[in-house]
Amino acid sequence: AFEAASLYVQANGGGVVELTEGVFSFTRIYRRNGVSIEARGSSATFIQALPFDPGDGKPYGLIEQEAGPVISSHIRGVHLLGLPDKNPNQWGMYLHANWDRTYTHGGLWMAVHDDMRITNFLKGIWSRGGYTVAHYKRPQQFLDFRSVYVQVLTGGEALRMTGQHGQVNYTLGSAEGR
Numbered sequence: 001a002f003e004a005a006s007l008y009v010q011a012n013g014g015g016v017v018e019l020t021e022g023v024f025s026f027t028r029i030y031r032r033n034g035v036s037i038e039a040r041g042s043s044a045t046f047i048q049a050l051p052f053d054p055g056d057g058k059p060y061g062l063i064e065q066e067a068g069p070v071i072s073s074h075i076r077g078v079h080l081l082g083l084p085d086k087n088p089n090q091w092g093m094y095l096h097a098n099w100d101r102t103y104t105h106g107g108l109w110m111a112v113h114d115d116m117r118i119t120n121f122l123k124g125i126w127s128r129g130g131y132t133v134a135h136y137k138r139p140q141q142f143l144d145f146r147s148v149y150v151q152v153l154t155g156g157e158a159l160r161m162t163g164q165h166g167q168v169n170y171t172l173g174s175a176e177g178r
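Under this note's numbering, the sequence shown has 27 at position 27, and the numbering climbs by one with no breaks.
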């Protein structure tokens, strides 16, 4: 139902998909261009990871971004809960800049993350922009993290930023781990 709502909002020019208070279980949520997720607060709305392994050996996250430029895809007021025994290679958010259909543009642009908690994962947030001169149209840019708290299990990696990034702000919050 969440995926259908997200696709519907995107097809109709963008907007917000809301989550009420409670616990919601997902295998994966895609950040879509122009679609924001609004919830009731990190102490009221919980997104619990379900057992999941895409099986291709590549990194994956509970929250990922779709291919192409993902612009104005904000997330507010959620608590992501990992399932490390079942999903040891899962990131809370794996924000990987992917190609669009023409293999040129990609990346997360102008995105606000506000009042978020990421706990009980072995891996917190990985923001991965384009790596080479050929990938210059796939940056992660204008990212704003406000009151984002990442707490991974002992020995885990809380935050990783690789590739091309620009204008990234962190206000309040913390990343506890390696």
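Where a beta carbon is used, it is the ideal one built from N, C-alpha and C, also for glycine.
Beta-carbon proximity of residue i to residue j, cut-off 8 Å
{"i": "H69", "j": "H105", "result": "Going by the sequence as given, residue 69 is Pro instead of His. Taking 8 Å as the Cβ cut-off, P69 and H105 qualify as a contacting pair."}
{"i": "G92", "j": "L62", "result": "yes"}
{"i": "K123", "j": "E157", "result": "yes"}
{"i": "G107", "j": "S73", "result": "no"}
{"i": "N87", "j": "F52", "result": "yes"}
Cβ neighbours of residue i in the same chain (closer than 6 Å, five flanking residues each side left out)
{"i": "Q141", "result": "W109, G166 and Q167"}
{"i": "L236", "result": "Not covered by the structure: residue 236. The range shown for the chain is 1 to 178."}
{"i": "I75", "result": "I37 and H113"}
Residue i in three-state terms, based on DSSP
{"i": "H135", "result": "helix"}
{"i": "A5", "result": "helix"}
{"i": "A67", "result": "coil"}
Pairwise C-alpha distance: residue j and residue i
{"i": "G41", "j": "E18", "result": "11 Å"}
{"i": "V133", "j": "R146", "result": "30 Å"}
{"i": "M116", "j": "E21", "result": "14 Å"}
{"i": "R178", "j": "Q10", "result": "36 Å"}
{"i": "S127", "j": "T119", "result": "17 Å"}
Inset, instruction - Just list the beta strand (DSSP E) runs in the segment 69-125, keeping only unbroken ones of 3 residues or longer that don't cross its boundaries, in chain order. - result: Entirely contained in the segment 69-125, the beta strand (DSSP E) runs reaching 3 residues are, in chain order, 69-71, 75-81, 90-96 and 107-119.
Inset, instruction - Go through the segment 38-65 residue by residue and report every complete run of the alpha helix (DSSP H) that reaches 4 residues or more, in order. - result: Those alpha helix (DSSP H) runs which fall completely within the segment 38-65 and span 4+ residues do not exist here.
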